[in-house]
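From first to last, the protein sequence lines are chains A and B.
Residues 656 to 941 (the working numbering) are what the first sequence spells out, left to right.
Residues 656 to 941 (the working numbering) are what the second sequence spells out, left to right.
Glycine included, each C-beta is placed from N, C-alpha and C at the ideal position.
Owing to the predicted nature of the structure, the values given are computational and were not obtained by experimental measurement.
Written below as structure tokens is the structure these notes are about.
There are 2 protein chains.
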Amino acid sequence: MTEGEGVKILLAGSAGFCFGVKRATKMAFQASEDHDRICSLGPIIHSPQVVRRLEEKGVEVIQNVEDIVSGAVVIRSHGVTLCELEAIVEKNLKIVDATCPFVKKAHENAEQLGRQGYSLVIVGEKEHPEVQGIVSYARSAGNVYVVATAEEAEKLALTGKIGLVAQTTQSFDNFSEVVKACLRKGREVRVFNTICDATSVRQNEACEIARQSDLVLVIGGYNSANTARLAKICRAIQPRTHHIETVADLEKSWFDGVSVVGITAGASTPKWIIDEVVEKVKCAGK
Amino acid sequence: MTEGEGVKILLAGSAGFCFGVKRATKMAFQASEDHDRICSLGPIIHSPQVVRRLEEKGVEVIQNVEDIVSGAVVIRSHGVTLCELEAIVEKNLKIVDATCPFVKKAHENAEQLGRQGYSLVIVGEKEHPEVQGIVSYARSAGNVYVVATAEEAEKLALTGKIGLVAQTTQSFDNFSEVVKACLRKGREVRVFNTICDATSVRQNEACEIARQSDLVLVIGGYNSANTARLAKICRAIQPRTHHIETVADLEKSWFDGVSVVGITAGASTPKWIIDEVVEKVKCAGK
Chain A
656 MTEGEGVKIL LAGSAGFCFG VKRATKMAFQ ASEDHDRICS LGPIIHSPQV
706 VRRLEEKGVE VIQNVEDIVS GAVVIRSHGV TLCELEAIVE KNLKIVDATC
756 PFVKKAHENA EQLGRQGYSL VIVGEKEHPE VQGIVSYARS AGNVYVVATA
806 EEAEKLALTG KIGLVAQTTQ SFDNFSEVVK ACLRKGREVR VFNTICDATS
856 VRQNEACEIA RQSDLVLVIG GYNSANTARL AKICRAIQPR THHIETVADL
906 EKSWFDGVSV VGITAGASTP KWIIDEVVEK VKCAGK
Chain B
656 MTEGEGVKIL LAGSAGFCFG VKRATKMAFQ ASEDHDRICS LGPIIHSPQV
706 VRRLEEKGVE VIQNVEDIVS GAVVIRSHGV TLCELEAIVE KNLKIVDATC
756 PFVKKAHENA EQLGRQGYSL VIVGEKEHPE VQGIVSYARS AGNVYVVATA
806 EEAEKLALTG KIGLVAQTTQ SFDNFSEVVK ACLRKGREVR VFNTICDATS
856 VRQNEACEIA RQSDLVLVIG GYNSANTARL AKICRAIQPR THHIETVADL
906 EKSWFDGVSV VGITAGASTP KWIIDEVVEK VKCAGK
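What follows is the structure in structure tokens.
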């Protein structure tokens, strides 16, 4: 840490909560006031600190619908599968649906493409709960595939009518490469661009900041895929990049000879965690 | 020309008539037998030699529907506009519809996209009769645009639902670049890949041959766009490339020091014209 003189901080305007996460968190805190018995199906967002605060307010994290007995259940911003939703309805639980509206739109598009006879290609991470939700809505589709890359799409035995949607956090270039691969296979390719700009805006701004900094701090849950990706992108530009979860993870030695510190954060990082990091870096630089 | 020793000839298997042109030409010759009074609306294909042979059989070339009085009219492989078709029907003329089935499919796709509320983007050459035909079928579309490149597409004020079709002779890469540009603009992009493989197969083979030849001959009407493009592609690989229309255009000096001659031909070049060139090159090399 540069002692005796201030460090310059470049804080990304896009750091932290995206629209869907902000909305979901607000709904969960509100629901904790409205209901005596309440749980969320899986952690509401990939921020252990926010989840802990909600637990203190009585919002229990439950992994499976079968384990919920009664009360209200918050559906997180990633959404749930159609099977889970049906099980929740079956159990007569009170639903607080905090599914991100952009994810909901992807559900609708997948459902429509399936119903209209398209083979469906979902571009994203197979294991991600958002993708599993989207897959579940396409159950009337003859074939449903999840691919991460164009290379994977090229291997698919696809012909005829091909429909595409993307996990909302996909990169546009990767998505359009998969579209191109499908265009080589099918005579009709129908694409719903379900990508949410927040991700690319945040990534582009992170690159911009990394280019101007001697040290980059990327704040977010260690279980947050979008934070990890953000750190990877920054590290490719500025090797002195650290993924931290809270202010407690900062290490003094990182700041040796540093005059400009770039700071950004993933979509599920709350403002108060960012603020704490900024304050600590500010003080440390004096 | 290498005197005293034979030149090696590499003749492209894909040289000459494509499926649609072969079909149209056959239909025109057949129709010339079946009808006393017959014309074609515009030259049936871009080969002055074929058009002359048809004229000798009584198939007159007429540019405008208004100028046709009676008898049968051959619609060429490029197709016609919906207005022209309606005028022909109105006049009670006998129709010999030699529109390429691949072009007809593009008409149907443009009509469907227009009817279903898509803004339509047609990728191709604005002035080409095939493209003008496709445009005419999209008359129920709110907006119809013809673009040649992705740069042109980027300038369009497009949003919402975007439909795309291609002129059948488009290159796949150019088409998919335009698709990508549209994906940045519209939330839904529906693409009918109306490209006919014959063009890319012919172009790829021409490249292959040009790489192995000291001299390349590309045969086809000087008014044939696809022949001119083929010659351009070959010239980029082998500068000693000549676009010729018939055997009469060959020049002795081209063959100085040449041992391998590559030969290909556009989609509207008849077999007999190719054969004549091959024979002449063979003899000349002895």
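- Cβ atoms of K749 (chain B) and A727 (chain B) come within 8 Å of each other, at about 4 Å.
- Just so you know, the alpha carbons of L768 (chain A) and V802 (chain A) end up roughly 17 Å apart.
- Note on geometry: alpha-carbon atoms of S855 (chain A) and C755 (chain A) lie some 17 Å from one another.
- For C694 (chain A), the enclosing beta strand (DSSP E) covers residues 693-696.
- E843 (chain A) reaches chain B at N764, R845, V846, F847, N848, counting residues in chain order whose Cβ is nearer than 9 Å.
- Against chain B, the beta carbon of L775 (chain A) has no neighbour under 9 Å; the closest one sits roughly 14 Å away.
- Boundaries of the alpha helix (DSSP H) harbouring E688 (chain A): 674-689, taken from the DSSP string.
- Taking a 10 Å sphere around the C-beta of C673 (chain A), we find 16 or more other C-beta atoms and assign the residue as buried.
- Cβ contact annotation for V834 (chain B) (same chain, cutoff 8 Å, sequence separation greater than five): L819, V844, V846, in chain order.
- Rounded to the nearest angstrom, the Cβ distance from R866 (chain A) to T919 (chain A) is 13 Å, too far for a contact under 8 Å.
- Against chain A, the beta carbon of K835 (chain B) has neighbours under 8 Å at S831, V834, K835, listed in chain order.
- Burial is judged here by how many other beta carbons sit within 10 angstroms of a residue's own beta carbon; T814 (chain B) has fewer than 16 and is exposed.
- Below the 8 Å Cβ cutoff, chain B contributes F827, F830, S831, V834, V846, N848 as neighbours of L838 (chain A), in chain order.
- Out of A:V913, A:V902, A:H701, A:A821, the CA that lies nearest to the CA of W927 (chain A) is found in A:V902.
- Remark: C-beta atoms of E715 (chain B) and C694 (chain B) approach each other more closely than 7 Å.
- Within the same chain, Cβ atoms closer than 6 Å to the Cβ of A853 (chain A) are found at C673, the five residues on either side in sequence being excluded.
- In this structure, the alpha-carbon of G734 (chain B) lies about 11 Å from that of G675 (chain B).
- Residues of the same chain with a CB within less than 6 Å of the CB of R895 (chain B), apart from the 5 flanking positions on each side, are L870 in chain order.
- For E780 (chain A), the three-state secondary structure derived from DSSP is coil.
- For the pair Q718 (chain B) and K663 (chain B), the Cα-to-Cα distance works out to about 43 Å.
- Within the same chain, A821, T823, Q825, F827, F830 come within 7 Å of I850 (chain B) by CB-CB distance, once the 5 residues on both sides are set aside.
- Cβ atoms of V778 (chain A) and L872 (chain A) stay farther apart than 8 Å, at about 30 Å.
- Residue pairing by DSSP places E843 (chain B) opposite A:F847, B:K816 in a beta bridge.
- Non-local C-beta neighbours of Y792 (chain A) in its own chain, meaning closer than 7 Å and more than five positions away in sequence, comprise L737, H762, A765, E766, ordered along the chain.
- By the CB criterion at 7 Å, S687 (chain B) and G713 (chain B) fall inside the cutoff.
- Counting the other CB atoms within 10 Å of its CB gives V744 (chain A) a total below 16, which places it among the exposed residues.
- About 6 Å separates the CB atoms of V790 (chain A) and V799 (chain A); that is less than 8 Å, so the two are in contact.
- Per DSSP, Y773 (chain A) has no beta-bridge partner at all.
- If you draw a 10 Å sphere on the C-beta of Y877 (chain A), you find fewer than 16 other C-beta atoms in it, and that means exposed.
- Cα atoms of S795 (chain A) and R770 (chain A): separation of roughly 5 Å, rounded to the nearest angstrom.
- Nearest to D689 (chain A) by C-alpha distance, out of A:A805, A:G671, A:V729, is A:V729.
- Closest by C-alpha distance to A753 (chain B), out of B:L696, B:A679, B:G841, is B:A679.
- Beta bridge pairing from DSSP links D752 (chain A) with A:I730.
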